[in-house]
Amino acid sequence: MMMVRAFIDRAMVGFALVIISCTMPPAASAQTPLDMQGEAPANPFAAGDVWGQFHRNGYAQSSTTARGPEPGDAMDVQYIRMPGRGGAPTQMHISDAYPDGSRTAWSTNLTHLFKVHIKGDRFELVDAYEITPRALDWNIHWNMQLAVGNTAFVPSPNTREILKFGEADDTDPGSPIILEGRYALPPEVKGEPVVLNLSYDGWVIYVTDAAYIGAVRQDFSEAAWFDLGKATNDLSTHNSFPMDEDGNIFIASYFAMTKVNWDGARFTLVWRAPYDFRGPGCDEASEDRQAEERRAITGQSCTGSGTTPTLVGRAGMDELVVAVDSHRKNNLVAFWRGEPPADWQGLAGQDRQIAGIIELPYSTWEGDGFTAENSPPVSGYDIAVAQYAGLGISLRCRRNAPRGVQMVRWDPDTDQLELVWANADIPFNNVMTLSSGSGLLYGSGRDRDCSYVYRGLDRRTGAVAFEVELGRSAKFTDGGNTNALLPDRSIVFGVRQGMVRLRPTTR
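In case it helps, mature numbering (1 follows the signal peptide of the UniProt record, and there is no 0) puts the sequence shown at residues -30 to -1, 1 to 477.
Here it is as structure tokens:
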């Protein structure tokens, strides 16, 4: 059953059975553990243990110990066309299991909040709630969060609100989406809310485009805020932020990485580590937010870090936060999350908080390249970065579109970032997913023959483990969205004006 509001086209679901071509044996997960000491701590207030938060967890790691598709699998390719406008559903949030064992996937585009029912071979749009009239082109509510009980929080920049959605019946995966409440930012908070996260104590944390950071209880009964821009004098960011179990928040701006702590009542600036994410020779940033955002999503130079920072390590490990800059050759930059080790000598000419900088061979805006926008997934000390190819490949086949994927590893013995492998031939245009269960790195992109291909790479070597031909239709363009891995080993990801599910039908 599908329920949609007015002005919404009928959803179309396509199915295709393909056999994954295997170019090497399955990665052996019985070898040296790939996830070190396991995953990030589960957030008890986020939906489920599958893929509840943005980039899966509070650490924004886009990784899992679960298995995904593997070489030798037969696979269904299922596609749903989403209503409204605004391109692809930008992220995937997977619900807890309903009483019948099924789950729902939640996401947004420019105009709508979506709910998709997933069970067995079922993959169907349940509801599409129109949040924004189509006339309001730039009301970008892309950074939703899904809390326990399938409560969805979505920013509404133009109205300066945070919207709260739920289900008419939270035991029924087929029930419609309902609007449960609105939180209007107080006049004291400047700017528009653009990104959200869920704290480990259950608050909705948001950042505005005027560099205010705020917290509001899920029932909107209590709120707090902090003028982070005034405290740092430089904060401007166009992507989201990770948050750990101790209330520490990490935000990459044009000229620094900043750590803020939320203690359940107030925000405190912990440290600000200067770093020029924009790069040398850049002009002053425009005060026109939309102009800067357009420059960022088209991968232009001097746009700062386009990547949501990712947390590396947990208790008992070196604890870092990493992001990719927008220098001519993009660098992966690591910062110590806490106090640097007592014997840390620091890097020449850099703030002592900076733990490592490594130039990436296949992440650049030179020539036909684009600044990184697809945030790096992390598992253990492994950090993957793909060359972003921009949104233009959805409009035409660019045979010269940039490509390349690389794996970097933090070595805790030498306190250095090291390049493990680099594959120059792979077009991954999305936020990749790392699976230590399958030993694979997942992503999709457009090949030089103009066909879209979904691939799994061996995370130890970068070699292609399997690939699935998706076809030449621009509907399969992934402009930088996340991949969610479900318990049935299927993967769900957003594409141009739709959602795709790759479902293994063997093993």
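Note that the Cβ used here is the ideal one computed from N, Cα and C, for glycine as well.
The structure displayed is predicted, hence computed values, not measured ones.
Bridge partners - residue i, DSSP secondary structure assignment
| i | result |
| --- | --- |
| W21 | I64 |
| M469 | I50 and G464 |
| V177 | V165 and I183 |
| R152 | L133 |
| E100 | H82 |
| G390 | The sequence given here has Val at residue 390, not Gly. Paired residues: none, contrary to the question. |
| R242 | T228 |
| E94 | H87 |
| I353 | V348 and V378 |
| N453 | F463 |
| W314 | W314 is not bridged to any residue. |
Supposed contact pair residue j and residue i - C-beta distance, whole angstroms, cut 8 Å
| i | j | result |
| --- | --- | --- |
| E439 | V423 | 6 Å |
| M213 | I175 | 6 Å |
| G432 | N399 | Going by Cβ atoms, the distance from G432 to N399 rounds to 17 Å, so no, they are not a contact pair. |
| V165 | V177 | 5 Å |
| S345 | T277 | 4 Å |
| V159 | L198 | The Cβ separation is near 11 Å, so there is no contact. |
| A325 | S333 | So it is not a contact: roughly 19 Å between Cβ atoms. |
| G409 | R429 | 6 Å |
| V355 | V378 | 7 Å |
| Y68 | L83 | Y68 to L83, Cβ: 18 Å. No contact. |
| G468 | Y49 | 6 Å |
| T452 | H25 | 6 Å |
| P53 | L472 | Contact flag wrong, Cβ pair sits at about 22 Å. |
| D246 | F225 | 6 Å |
Buried or exposed (CB count within 10 angstroms, at least 16 for buried), residue i
| i | result |
| --- | --- |
| L281 | buried |
| residue 505 | With the chain running from -30 to 477 in the structure shown, residue 505 is simply not present. |
| G71 | exposed |
| L317 | exposed |
| E437 | buried |
| D139 | exposed |
| S191 | exposed |
| K85 | buried |
| P250 | exposed |
| T476 | exposed |
| I353 | buried |
| P125 | buried |
| P59 | buried |
| P3 | With a pLDDT of 48 at P3, under the threshold of 50, the predicted position of this residue should be treated as unreliable, though the coordinate-derived value follows. So P3 counts as exposed. |
| I148 | exposed |
| L235 | Sequence inspection shows Ala at residue 235; the Leu mentioned does not correspond to that position. With fewer than 16 Cβ atoms within 10 Å of its Cβ, A235 is classed as exposed. |
| P103 | exposed |
| P311 | exposed |
| S443 | exposed |
| G360 | buried |
| R92 | exposed |
| A266 | buried |
| D233 | exposed |
Spatially closest choice to residue i from the options, by CA coordinates
| i | options | result |
| --- | --- | --- |
| L455 | G426, R430 and R442 | G426 |
| D66 | L116, N370 and Y224 | L116 |
| C420 | M402, F196, D428 and P397 | P397 |
| P157 | C252, R130 and G234 | R130 |
| M287 | V470, D381, R92 and N218 | D381 |
| I221 | T476, E215 and R242 | R242 |
| S296 | E329, T81, F211 and Y68 | E329 |
| F211 | M114, K134 and G407 | M114 |
| L239 | A201, T403 and A255 | A201 |
| D321 | P331, I88, F305 and A312 | F305 |
| P143 | A154, K299, W76 and D46 | W76 |
| L95 | T74, N27, N79 and H208 | T74 |
| G464 | Q61, A435 and N300 | Q61 |
| E254 | R264, T273 and A154 | T273 |
| A435 | S275, D19, V292 and D43 | D43 |
| I219 | C367, T447, G319 and L290 | L290 |
| G284 | C252, N209 and E215 | Before going further, note that residue 284 is Arg rather than Gly in the sequence given. Closest by alpha carbon: E215. |
| P331 | Q323, G319, R51 and Q357 | Q357 |
| E9 | T207, Y29 and G22 | Y29 |
Residue-level contact to chain B via CB, residue i, 8 Å cutoff
| i | result |
| --- | --- |
| A117 | Looking for chain B here will not work: only one protein chain is present. |
Would you call the stretch 333 to 352 and the stretch 25 to 45 touching, i.e. three or more CB-CB distances under 8 Å?
yes
I'd like to know if the stretch 412 to 421 and the stretch 381 to 393 are in contact, where contact means that at least 3 CB-CB pairs between them fall below 8 Å.
no
Three CB pairs or more closer than 8 Å across the stretch 7 to 27 and the stretch 159 to 173:
A contact exists between the stretch 7 to 27 and the stretch 159 to 173.
Should the stretch 328 to 347 be called in touch with the stretch 365 to 376, which here means at least 3 C-beta pairs below 8 Å?
yes
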